[in-house]
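Undergrad: Handing you this structure, nothing more for now.
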Amino acid sequence: MKVAIGGPLKVTFRPWVEGLENIPAEGAAILASNHLSFSDSFFLPAVLDRKVTFIAKAEYFTTPGLKGKLTAAFFKGVGQLPVDRSGARGAGEAAIRSGIQVIESGELFGIYPEGTRSPDGRLYRGKPGGLARVALATGAPVIPVAMIDTEKIQPPGKVLPKVMRPGIRIGKPLDFSRYQGMEHDRFVLRALTDEVMYEIMKLSGQEYVDIYATAAKRQITDAAKAEKEADKAAKAALAKAALAKAEKERTAKEQTVREQKEQAAREQAAREQAAREQAEETRADRDRPAS
-18 MKVAIGGPLK VTFRPWVEGL ENIPAEGAAI LASNHLSFSD SFFLPAVLDR
32 KVTFIAKAEY FTTPGLKGKL TAAFFKGVGQ LPVDRSGARG AGEAAIRSGI
82 QVIESGELFG IYPEGTRSPD GRLYRGKPGG LARVALATGA PVIPVAMIDT
132 EKIQPPGKVL PKVMRPGIRI GKPLDFSRYQ GMEHDRFVLR ALTDEVMYEI
182 MKLSGQEYVD IYATAAKRQI TDAAKAEKEA DKAAKAALAK AALAKAEKER
232 TAKEQTVREQ KEQAAREQAA REQAAREQAE ETRADRDRPA S
């Protein structure tokens, strides 16, 4: 896959890299990266000589049929590890177990502390579970990584990528041996995660937002939904106003027609009355005896 995918990626997009010397030639390490695009999991392994194992939902590996087999082969080839999310605590515990297995095998384990892609290019609060617990359970060094401009290559919803140069900055390994044996202390998990996110922020230059990316996505979705509902309500109000205006104009037109008919009837009646009076006068003049 490094030849089939990594080679063409490097030739086509020519990613620039800083800090490759911080990746150990051998031995286990955790690569903690920001997450801007689906392509992050391809660009980072492409520029490294060593294999990087990321985690992916198990459905990518168990879908039946030819398409499912091809998808499974692809994700296995690019170093994705299936995670069964059906357990009592879902993907969190499964990801931790998978990460520990990768580290115990002496390999590189890739993880996105934000838990999901950034919805707007900013850096969001890291989740204190997977990263911190794997690091403390294994004692492996944590290497902060910053993906740069990958969200511009293939934004969410876009099928065809834009050819441009993304960047990758790799920071110095972080040692958290001082927290060894404290993997069940939530304050330690939070402190470790925040320290890693701070290093990622310095490497990436992103604006930091102290909420989870999942919460930000909900806010964006809710705001879009509210905007859609407001637009729908505005259109309904305009339609109602247009209908009321049309009804008012129709009523006014009918009133005008009615008044015109009544006026015509009055004028006709007046003409008929004048004709009768004229006829009466003529008859009276004719019947009047001559003097």
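Quick note on numbering: the sequence shown equals residues -18 to 272 in the numbering used here. The C-beta atom is built at its ideal place from N, Cα and C for all residues, glycine as well.
Mark residue 33 as exposed unless 16 or more other C-beta atoms lie within 10 angstroms of its C-beta, in which case mark it buried.
TA: The residue labelled residue 33 in the question sits at position 52 within the sequence shown. The residue in question, residue 33, is buried, as its Cβ has 16 or more Cβ neighbours within 10 Å.
Undergrad: May I ask which residues mark the beginning and end of the beta strand (DSSP E) holding residue 17?
TA: For this step, residue 17 is matched to residue 36 along the sequence shown. Where residue 17 is concerned, there is no enclosing beta strand (DSSP E), given that its DSSP letter is neither H nor E.
Undergrad: Below 8 Å on the Cβ atoms is my guess for residue 151 versus residue 124; work out the distance and round it to an integer in Å.
TA: Here residue 151 refers to the residue found at position 170 of the sequence shown. Here residue 124 refers to the residue found at position 143 of the sequence shown. About 6 Å; that satisfies the 8 Å criterion.
Undergrad: If contact is defined by three or more beta carbon pairs under 8 Å, each pair taking one atom from either stretch, is the segment 154 to 170 in contact with the segment 82 to 98?
TA: At 8 Å Cβ cutoff, the stretches do not touch.
Undergrad: Measuring straight from C-alpha to C-alpha, what distance separates residue 140 and residue 173?
TA: Stepping through the sequence shown from its first residue, residue 140 is reached at position 159. Stepping through the sequence shown from its first residue, residue 173 is reached at position 192. Taking the straight line from one Cα to the other gives about 37 Å.
Undergrad: Pair every Cβ in the segment 74 to 94 with every Cβ in the segment 46 to 54, then say whether three or more of these pairs are closer than 8 Å.
TA: Verdict: no, contact absent.
Undergrad: Would you give the residue range spanned by the beta strand (DSSP E) that residue -1 belongs to?
TA: Here residue -1 refers to the residue found at position 18 of the sequence shown. Note, residue -1: beta strand (DSSP E), -3 to -1.
Undergrad: For a quick check, are the C-beta atoms of residue 170 and residue 113 less than 9 Å apart?
TA: In the sequence shown, the residue the question calls residue 170 occupies position 189. In the sequence shown, the residue the question calls residue 113 occupies position 132. Contact flag set, yes.
Undergrad: With a Cβ-Cβ cutoff of 9 Å, do residue 5 and residue 27 count as a contact?
TA: For the purposes of this step, residue 5 is identified with residue 24 of the sequence shown, where counting begins at 1. For the purposes of this step, residue 27 is identified with residue 46 of the sequence shown, where counting begins at 1. Cβ distance not < 9 Å, so residue 5 and residue 27 don't count as in contact.
Undergrad: Who are the near neighbours of residue 276 in its chain, counting only those whose CB is closer than 8 Å to its CB and skipping five residues on each side?
TA: There is no way to answer for residue 276, as the model of the chain reaches only from -18 to 272.
Undergrad: Since residue 213 and residue 3 are thought to touch, with beta carbons under 8 Å apart, how far apart are those beta carbons, to the nearest angstrom?
TA: Looking up residue 213 in the sequence shown gives position 232. Looking up residue 3 in the sequence shown gives position 22. No, residue 213 and residue 3 are not in contact; Cβ-Cβ is about 52 Å, not under 8 Å.
Undergrad: Anyone know if the C-beta pair for residue 180 and residue 103 falls short of 9 Å?
TA: Numbered from its first residue, the sequence shown carries residue 180 at position 199. Numbered from its first residue, the sequence shown carries residue 103 at position 122. Contact: no.
Undergrad: Report the option in 186, 157 and 160 whose CA atom is closest to the CA atom of residue 149.
TA: Indexing the sequence shown from 1 puts residue 149 at position 168. Measuring from the Cα of residue 149, the nearest candidate turns out to be 186.
Undergrad: Would you mind sorting residue 144 into buried or exposed? The rule is 16 or more other CB atoms within 10 Å of its CB.
TA: Looking up residue 144 in the sequence shown gives position 163. The residue is exposed, with fewer than 16 neighbouring Cβ atoms inside 10 Å.
Undergrad: Is residue 91 closer than 9 Å to residue 14 when the C-beta atoms are compared?
TA: Taking the sequence shown and counting its residues from 1, the one referred to as residue 14 is at position 33. Taking the sequence shown and counting its residues from 1, the one referred to as residue 91 is at position 110. Result yes, Cβ atoms of residue 14 and residue 91 sit closer than 9 Å.
Undergrad: From what residue to what residue does the beta strand (DSSP E) around residue 126 run?
TA: Stepping through the sequence shown from its first residue, residue 126 is reached at position 145. Taken as a continuous stretch (DSSP letters only), the beta strand (DSSP E) holding residue 126 covers 123 to 129.
Undergrad: With which residues is residue 37 paired in a DSSP beta bridge?
TA: In the sequence shown, the residue the question calls residue 37 occupies position 56. Answer is 63.
Undergrad: Using the DSSP secondary-structure output, state which residues sit across from residue 148 in a beta bridge.
TA: Here residue 148 refers to the residue found at position 167 when the sequence shown is read from its first residue. In DSSP, residue 148 forms a bridge with -3 and 129.
Undergrad: Do you know how far the Cα of residue 252 is from the Cα of residue 262?
TA: Within the sequence shown, numbered from 1, the residue matching residue 262 stands at position 281. Within the sequence shown, numbered from 1, the residue matching residue 252 stands at position 271. When rounded, the distance between both Cα atoms is 15 Å.
Undergrad: Can you give me the start and stop residues for the beta strand (DSSP E) that residue 92 sits inside?
TA: Here residue 92 refers to the residue found at position 111 when the sequence shown is read from its first residue. Here the beta strand (DSSP E) through residue 92 covers 89 to 92.
Undergrad: Which stretch, first to last residue, makes up the alpha helix (DSSP H) that contains residue 195?
TA: For this step, residue 195 is matched to residue 214 along the sequence shown. That run of the alpha helix (DSSP H) goes 194 to 268.
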